[in-house]
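Accompanying notes for the structure given below.
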């Protein structure tokens, strides 16, 4: 592959729970292992059985993660709150999700204060959320391999990456203008893809078919998805493409055409079609 930036240097995938986003990414990697690389994120959650540091995630503790953000070393990050096993508590966390999405990327102190005010600090016996994010260094290392980098993030992460690559999200501040890594990343082309299920009812049916949810946890997951869909519509301008995952094979082939072919690289985002698909959900 050419050593110069090309039309699809970075492809960012986001989507609600049950959209099949993770399966789609894994299938693209399986079919084209020499074309795609995957950017490993950081997290403050502990490793699960079989997970290795640097493979699934870079596992760091909370003070380390917060320090990375304060030092402007993260390209994107978000704070996820624990999913409660009661609908009443989940409604509280749905409200927290909305506040997290509306909190400025650069102000991690605001997120920490929000978390403490609602959940209580660890020192007071309260619970804590989990940070996830991608460092600028990890992203830069991947794009310099001259493969197309696949990224899996949430809406807040996509907004932040859009701000780095396109300046359509948050505005640059003085620190970013002086950030050599950010300036290098701006040489590369980023495509943001929203993977959607055909409908939220399809998601419900998929979850029910798994027999992994109780009526209570199913209601919680659907409440979270309803919030995400509202915000996806609010920030729809950052998406280059919206792909409906009704059938895995069809979805993957559409993405292969968009990412791998010259015709897909040159294709303009179909704004009217995108809006129609967003409005139908």
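In UniProt numbering, the protein residues as written are 1 to 281.
No residue lacks a Cβ here, since even glycine has one placed at the ideal position from N, Cα and C.
Residue 148 sits in a strand when the DSSP states are folded into three classes.
By a beta-carbon distance limit of 8 Å, residue 73 does not contact residue 160. Their separation comes to about 13 Å.
Residue 221 is positioned such that its CB atom lies closer than 8 Å to that of residue 213. Contact between residue 35 and residue 184 fails: their C-beta atoms lie close to 22 Å from each other, not under 8 Å. Bounds of the alpha helix (DSSP H) holding residue 163 are 155-165.
Residue pairing by DSSP leaves residue 232 without any beta bridge partner. Separation of the CB atoms of residue 243 and residue 195 is rounded to 6 Å, and the pair is thereby assigned contact status at 8 Å. Taking C-beta atoms under 8 Å as the contact rule, residue 22 and residue 131 fail to qualify, at a distance of about 19 Å.
Assignment of residue 225 by DSSP, reduced to helix, strand and coil, places it in the helix class.
For the options 182, 112, 60, the alpha carbon positioned closest to that of residue 133 is the one of 60. The beta carbon of residue 154 sits closer than 7 Å to the beta carbons of 14, 78 from its chain, once the five residues preceding and following it are set aside; these are given in chain order. Between residue 102 and the set 39, 26, 191, 157, the nearest pair of CA atoms involves 157. In the three-state scheme derived from DSSP, where H, G and I count as helix and E and B as strand, residue 189 is classed as coil.
The three-state reading of DSSP puts residue 43 in strand, counting E and B together.
Here the C-alpha atom of residue 128 lies approximately 16 Å from the C-alpha atom of residue 99. With respect to residue 239, residue 150 sits apart: the two C-beta atoms are not nearer than 8 Å. Residue 71 holds the alpha-carbon nearest to the alpha-carbon of residue 178 among 226, 143, 228, 71. Annotated three-state conformation of residue 36 is strand, per DSSP. Per DSSP, reduced to three states, the secondary structure at residue 69 is helical.
By the neighbour-count definition (other C-beta atoms within 10 Å, threshold 16), residue 245 is a buried residue. Exposed is the label assigned to residue 50, since fewer than 16 other Cβ atoms lie within 10 Å of its Cβ.
For residue 223 and residue 217, the gap between their C-alpha atoms comes out near 10 Å.
Membership of residue 25 in the alpha helix (DSSP H) is indicated by the continuous run 21-31. Contact annotation: residue 94 and residue 10 have beta-carbon atoms that are not nearer than 8 Å.
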